[in-house]
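Some notes on the structure that comes next.
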Amino acid sequence: MFQRQTPTPTPPLLVMRGIDKSFGGSPALRGAEFTLGRGEVHALIGQNGAGKSTLIKVLTGYHRRDAGLVEFDGQPFEVHSPHAAQAAGISTIYQEINLVGLRSVAENICLGREPRRFGLLDWRAMHAEARRLLGRFSIDVDVRRPLGSLPTATQQMVAIARAIGFKAKLVIMDEPTSSLDDREVEVLFDVIRQIRADGVSVVFVSHKLDELYAVCDRVTIMRDGTTVRSGPMSEIGKLELVATMLGRELTAVARQGATAFGAKAAHAAGEVLAVDQLAAGPRVRDVSLAVGAGEIVGMAGLLGAGRTETVRVVFGADPAAGGSMRYGGQPFRPTEPADAIARGIGFCTEDRKIEGIVPELSVRENLTLALLPHLTKAGIVDEAEQRRIVERFIQRLGVKCQSPEQPIRELSGGNQQKVLLARWLCMNPKLLILDEPTRGIDVGAKAEIQALIGELAKDGLAVLMVSSEVEEIIEGSDRAYVLRDGQTVAELTGQDLNETELLAAMAHGAHDSREYGHG
Amino acid sequence: AQELPKLEPKDSYKVGFAQTESNNPWRIAQTKSMQDEAQKRGWQLVYTDAAGSAAKQVADVNSMIAQGVDAIFLAPREEKPLIPAVMAAKRAGIPVILLDRSVDPSLAEAGRDYVTFIGSDFIEEGRRAGEWLAQTTGGKAKIIELQGTTGSSPANDRAKGFADAIQAHPEMEVVASQSGDFARDKGRQVAETLLQAHPDATAIYAHNDEMAVGAIAAVEAAGKVPGKDITIVSIDGTRDALQAIIDGKLGATVECSPFFGPVAYDTLVKYANGETIPPKIINEDRFFDASNAQELIAEAY
Amino acid sequence: MTTSLTSRTPLLVLVGRYGVIAALLLLILFGWARYDNFLGSYNILSFLRYTSMFALVALGMAFVIMSGGIDLSVGAVAAMSSVVAALASPYGLIPGLLAGAAAGLVAGILNGILITRLNIVPFIATLATMLAAGGTGLLLAGNQSVSVSYDTAFVELGQGDLLGFPVPAWIAAIAYVLGSIILNLTAFGRSVLAVGGSEDASRMMGLPADRVKFLVYAGSGLLAGLAGVILAAQFGAGQPIEGVGWELFAIAAVVVGGTLLTGGKGSVESTLAGALLLGLIFNILNFENGLGWISLSAYWQSVIRGLFLLLVVILQAKLVGRDATG
Amino acid sequence: MADASIARPAAPARTSDGLGQLLARHGALVGLVLLVLFNLAFTPNFVSWQTLNVNLTQVAAIVIVAVGMTLVIATGGIDLSVGSLMAISGALAPLILLGQILPMPHPLLAVALAFVLPVLVAGAFGWFNGFLITRYRIQPIVATLVLFIAGRGIAQVVTNGNLQVFRNPEFQVIGLGRLFGIPVQVILMLILVAGAAWMLRRTLFGRQILAVGGNEQAARLAGIPVASVKRRVYLISGLCAGLAGLVVIAINSASDANLIGLGMELDAIAAVAVGGTLLAGGRASITGTLLGALIIQLVRYTLLANGVPDSAALVAKAGLIVLAVWLQQGRKST
Ligand SMILES: Nc1ncnc2c1ncn2[C@@H]1O[C@H](COP(=O)(O)OP(=O)(O)OP(=O)(O)O)[C@@H](O)[C@H]1O
Ligand SMILES: Nc1ncnc2c1ncn2[C@@H]1O[C@H](COP(=O)(O)OP(=O)(O)OP(=O)(O)O)[C@@H](O)[C@H]1O
Ligand SMILES: [Mg+2]
Ligand SMILES: [Mg+2]
């Protein structure tokens, strides 16, 4: 399935071959390949969890690779710390903004390469340098201000300025635009074109496809930790790009068996949740949606579209800034997750590690974490009852673990995910919110979970499912909303809910799909 | 070496009292005595508390010098580190009188650097305790010694005096000697442990009454009878100790009087009047045992 | 990961930045108005001579805390170093100085290794070093203060004067000037703050976080060693049982100085102000006793110090708002 | 964030290696056994009920405090104020017994109050710690440092620093009494240990403690009231300290605000650390803490009984703590 390499004109700047990397047994990279020419802007794309960031972190020595070889600038390349990589001429903007909010803009830009006079810091030079770099982005801020006091977009620009600032041969940008608006993106592209002109190579990771066509010369597509295609940007159409990324042939839009969702549920009984013009934080600007009992509502969008934030607000984990919500007919404004849980809402978070499991605790305790108050009489947990429930759900979801007493951190990601799902199912909730329910999960487990979600809906459960996987949305959900830059840009039902429409809406916002307006 | 600072006679002085710490009954009684007596005479007293830090005590003395006191009563935390305080006062022309503990004689001398030392003779105390024990046990005893705070001069001297006393008696030996920090609780715990490790012990010598009282509890906890199976002797003369003597649990205790007020101020007056002051003024300390505890307990603190 | 400081009102910012210095001046004014000779040269000089030891320890602690850590061992290390210095003092001023400083440095390096190599949390690591240093000091000293040699110039380090100022004050002053330069004018200083601000981000930005932390603890040990040298020289004895509670004094001074306990933000100057401020409270209480009011003031001192710390910490928490959590 | 552990070069996955596992899990037990063996070999008259008795009565106070400390640390916090809180309750009890606060109509009422009030006061101060930590988001180390400094001062001011001597058999049962020949404070200690262990395993509160310590974000998203859990934990720590204070003064039939519980916080924390509770929170073992405390006590006993001076004891203690805590690292790096 591996495509032939179109030869790069000059000897390549960077060659990565057969890169393996696994985290605690679960592979993130399996023989990944990457070749980068000099003075070329190279798009690196793939689904969430495809391994892009890992590939980058392996290159910069943040992770040690398990196998494979790397050549940079003609030499074998062995670095064991981002420090060394930077010294070797690779400067990186990691996916999550990695700056120190308490320190000033100038310090963040110059950290690690501070200008000196007589061995001492030269603050004037440092500030001048910072202003100069930010100037290229036509940004004008007081560089002495603490970075944390600036809006996320500006912080992102600072991160980019920092990376450009190093006289680097290669600049890597992992999702640099996820928090930038169009104008800022344009500025960024100008800068990228400038440094390309100086012969600097750029690796550009993004989920926003049209951006890629705007700046990138070549593209490498990753899926499940391997490189599935690489070639000139111009040779690959957008839909083809997405298809390769998702590993599906567009020509055959026959969808049987691609996912394990059952037949579509009957039509929505009564409204469970209604969200109207919700605004929250920097990422959610204007989201409206509704979920009825017994239906699965999909929520599609590219990374950074604001889906996670939206559902966090619905669950009371983050405060809403504007708009209104109704739940079960009544006005609804939870201030703590506990409120939402008490009202019968469950929320499977996107980020298992940070927001899901309690690693040291056993499967049993993790599974019943939210249910515990109901299992308790006079403060004492009814363990018999607890065991019964745990056994039942381990059974029903086919969780693979030695025993319910096994610490959850020893389970595979997929089984961890099942336990977290069970954590909410055992509450038998009215509304279940799933954020990327099948991300980073092996195919088998994925199918089981999808099937389960289907059954649940049949039993009358309302499901709101955030997913970056197109099939999941199309085949899993009765209706789907598409978010883009924190706005609901489309609602797709019935015939409209097909791959073309969805991709179009995700890529360009409301396309020929029925405009979703409020009013 | 230049002469001692003079002090001209007045009927009221502003004097400083640099206390070491206030974390045990003896110290608190001493402070009270100094304060009460000053009040009685209508003198102004600048009181500082070094909270157990020799360094802070020096700083305290310096702040007294800064405040221009007429004289300083110093109860040195330790022998060596307080030398700078004594010298500073001398340079500032302020006479110093040492209370209850002295400073390193090789570095500062009574009559030259400070007026005099008023207090008990710790070595003597240890000796008297030792002799009493020798007498009551007929020169036969296996002794557990509960030492004071490691490094403090009373601990060192009381150990020395006691050792001198029992030297004459070949059948008296110290089987174990550990620090109980002059504190009741620590003394108790150490005594419990040592009694356990040395069941053959017949006597306990505690460097102060607080530890002795703790030791009594330990002996009883070990199922032995204090005063019968184990003879206990200590130093200070606190009310608790005298009560214990009356109860027959404590053998005897050598008085180490904390009531410094009167003698201290009298000495200062004498010095101001140009009388010659001896380099050492030793309180004649009493000796409490079954014979006199009952009648003297009223005076104890 | 990034912090939002927008909630701060300018006034609070000012208080946070200059509060200590203001408080210091107020306290001095108060003392000058209330007591005779409070600002007399004698009191000032002896105050500086004594407080410089604590100032040195606080400086090291400031860097440790700015890097997001904590060092409980400084007091015990200073005591141990004072013994070592006293033992070396017969060989002269320089040997005594170097020996004491080296002893402190070794303890600091031990902390650094425990924390960066064995990944032991700073609290436990430095607690262990505190016990070990205390014990070592007593062992070296044979359980009692070790007299320094008055034959050599060693005592000058504590009791001498230079251009009318106490030598310890000079040492502290130099240390603080260097400290300020290191923090504000060297890349290392910036790295310390960056690591304290976010260790993970610093690693991502290519900073050698472990090396930075190691150096910070080594430095704290070195300064504690210097304090120990002054302790020995100023009081003519190495004192194994001194230094009790110094670590708390230092932590308090740093906090009062407005340095964030979560690391990432701090100032050398206001740490000095904090140390002087806390020291001054003792001095003032002594003068207050001179007026013959408070009785067993040692007890009140702890209460007052505690309340003072509480006040400052709450104020700080309000300044930083939600970000005060680690 | 998730990468933090991976970024650390010195975080080996020692979870796999068997011996490390064993030591990490049962390090404390192994250590205790070795210590006992050593004593059997070298310490004179070690084998006797009295030895057991002495060590248990002496360790009781530490264990009682360490139980509360374990819960605090299980939530990822720390409590430096326990020693001072012991002093406060220890100073209050005699004042009540001797009717110096308010005249006592009935002696038994006095005894009852002397048991209850001081512990409650200590608990209140403990709750205050939790309040500072949750309301102002102050780091536990600093929040509890406040009372570490001020607490003892308060106790001293209340008593003017005077030693309070008292004789009151009813009250002193807690320190001197025996039930079936077992010292009351030892029984108390065992009850607390059993109770806390049971609470941690079987009750809602126990699970919430571990969840909060193990992953605060996840706990919140599972509907656990994080703040209130933390406050209750510090409250409990305060109550335990208060109780320990009473035990200490009862044994000595005297209360000395200057000395009660001096340095206890370090002993307790050390006991917890040695017992194998993660200082990062999330995994706690009460029985481990009991073992840890016994180890520290037995080390002290061993050194004393064999005439080793305090100085060496300190160094030994330090090495012990580092070793024990280092053994936990393997499990922590996941
Ligand atoms: N530190 C880590 N520990 C364990 N697993 C990890 C870690 N980092 C990444 N992974 C796993 O490796 C796989 C690839 O992750 P990676 O972040 O490279 O994906 P990605 O292509 O960058 O996705 P995204 O588009 O969401 O950034 C995922 O399954 C992820 O769960
Ligand atoms: N409040 C939050 N707490 C923790 N992580 C968050 C939070 N909000 C967003 N994230 C993370 O930031 C990334 C972007 O999330 P965002 O909600 O902006 O986009 P999204 O539509 O959820 O994209 P995706 O779900 O594909 O990541 C996600 O990986 C999400 O896990
Ligand atoms: Mg990524
Ligand atoms: Mg998301």
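So the protein sequences, as listed, match chains A, B, C and D. My numbering numbers the first residue of the first sequence as 1 and each following residue consecutively. My numbering numbers the first residue of the second sequence as 1 and each following residue consecutively. My numbering numbers the first residue of the third sequence as 1 and each following residue consecutively. My numbering numbers the first residue of the fourth sequence as 1 and each following residue consecutively. All C-beta atoms, glycine included, are put in the ideal place defined by N, C-alpha and C. Fair warning: this is a prediction, and the values are worked out from it, not measured in the lab.
Annotation: Cβ neighbours of B:Thr150 in chain D (cutoff 9 Å, chain order): Pro309, Asp310 and Ser311.
Excluding sequence positions up to five before and after A:Ile164, its CB lies less than 6 Å from no other CB in the same chain. Counted as a single uninterrupted DSSP element, the stretch harbouring A:His127 is not any beta strand (DSSP E) but the alpha helix (DSSP H) occupying residues Trp123 to Arg136. Under the 10 Å beta carbon count, C:Leu25 is surrounded by fewer than 16 other beta carbons and is classified as exposed. Cβ neighbours of B:Asp236 within its own chain (closer than 7 Å, five residues either side excluded): Trp26, Asn208, Asp209, Thr253 and Cys256. Taking a C-beta cut-off of 8 Å against chain B, the contacting residues of the segment 227 to 242 of chain C are Leu231, Gln234, Phe235, Gly236, Ala237, Gln239, Pro240, Ile241 and Glu242, listed in chain order. Taking 8 Å as the Cβ-Cβ cut-off, the segment 51 to 65 of chain B approaches chain C at Ala51, Gly52, Ser53, Ala54, Ala55, Lys56, Val58, Ala59, Asp60, Asn62, Ser63, Met64 and Ile65, given in chain order. In this chain, B:Ser53 is not harboured by any alpha helix (DSSP H), its DSSP state being neither H nor E. For A:Phe347, the chain D residues whose C-beta falls within less than 7 Å of its own C-beta are Leu221, listed in chain order. Listed in chain order, the beta strand (DSSP E) runs fully inside the segment 81 to 116 of chain A are 90 to 93, counting runs of at least 3 residues.
Proximity of A:Ile221 to chain D, defined by a Cβ-Cβ separation below 8 Å, is not satisfied. DSSP places C:Ile109 in the helix class (H, G or I) of the three-state scheme. The residue among D:Ala155, D:Leu200, D:Asp256 and D:Ala305 with its C-alpha nearest the C-alpha of A:Ile380 is D:Leu200. Contact annotation for A:Gly356 against chain D: Ala218 [CB-CB distance below 7 Å, chain order].
Proximity of chain C to B:Gly68 at the Cβ level (cut-off 7 Å) is accounted for by Asn37, in chain order. Looking at the DSSP output, A:Cys348 shares a beta bridge with A:Leu434. Among the residues of the segment 160 to 179 of chain C, none has a Cβ less than 8 Å away from any Cβ of chain D. Taking CB atoms only, B:Asp236 has no neighbour in chain D less than 8 Å away. Taking the Cα of C:Ile241 as reference, the smallest distance to any Cα among C:Ala22, C:Gly96 and C:Asn143 is reached at C:Asn143.
Per DSSP, reduced to three states, the secondary structure at A:Pro331 is strand. Inclusion of C:Gly290 and C:Tyr35 in the CB contact set at 8 Å is warranted, their separation being smaller than that value. B:Gly119 and C:Leu185 have their C-alpha atoms spaced approximately 57 Å apart.
For A:Gly298, the enclosing beta strand (DSSP E) stretches over residues Ile296 to Ala300. Pairwise C-beta distances place the segment 77 to 87 of chain D in contact with the segment 234 to 252 of chain D, as three or more of them are shorter than 8 Å. Within chain D, the C-beta atoms nearer than 7 Å to that of C:Ser302 come from Ile149, Ala150, Arg152 and Gly153, in chain order. In the structure shown, A:Tyr481 falls within a strand segment according to DSSP collapsed to helix, strand and coil.
A distance below 6 Å between beta-carbons, with the five flanking residues on each side excluded, links B:Glu79 to the following residues of its chain, in chain order: Val103, Asp104 and Ser153. A distance of 8 Å or more separates the beta carbons of D:Val186 and D:Ile286. Looking from the CA of A:Asp224, the closest CA among A:Arg364, A:Asp140, A:Glu469 and A:Pro12 belongs to A:Glu469. In chain order, Thr3, Gly197, Gly264 and Lys265 make up the part of chain C whose C-beta sits under 7 Å from the C-beta of A:Leu102. Under the DSSP definition of a beta bridge, C:Gly104 lacks any partner. With respect to the 8 Å criterion, C:Leu261 and C:Val255 are classified as neighbours on the basis of their beta carbons.
Below the 7 Å Cβ cutoff, chain D contributes Leu221 as neighbours of A:Ala317, in chain order. For C:Thr186, the closest Cβ of chain A is nearer than 8 Å. Contact check for C:Leu93 against C:Leu277 fails: the beta carbons are separated by 8 Å or more. For the C-beta of C:Ser149, not a single chain B residue is nearer than 9 Å; the gap to the nearest is close to 11 Å.
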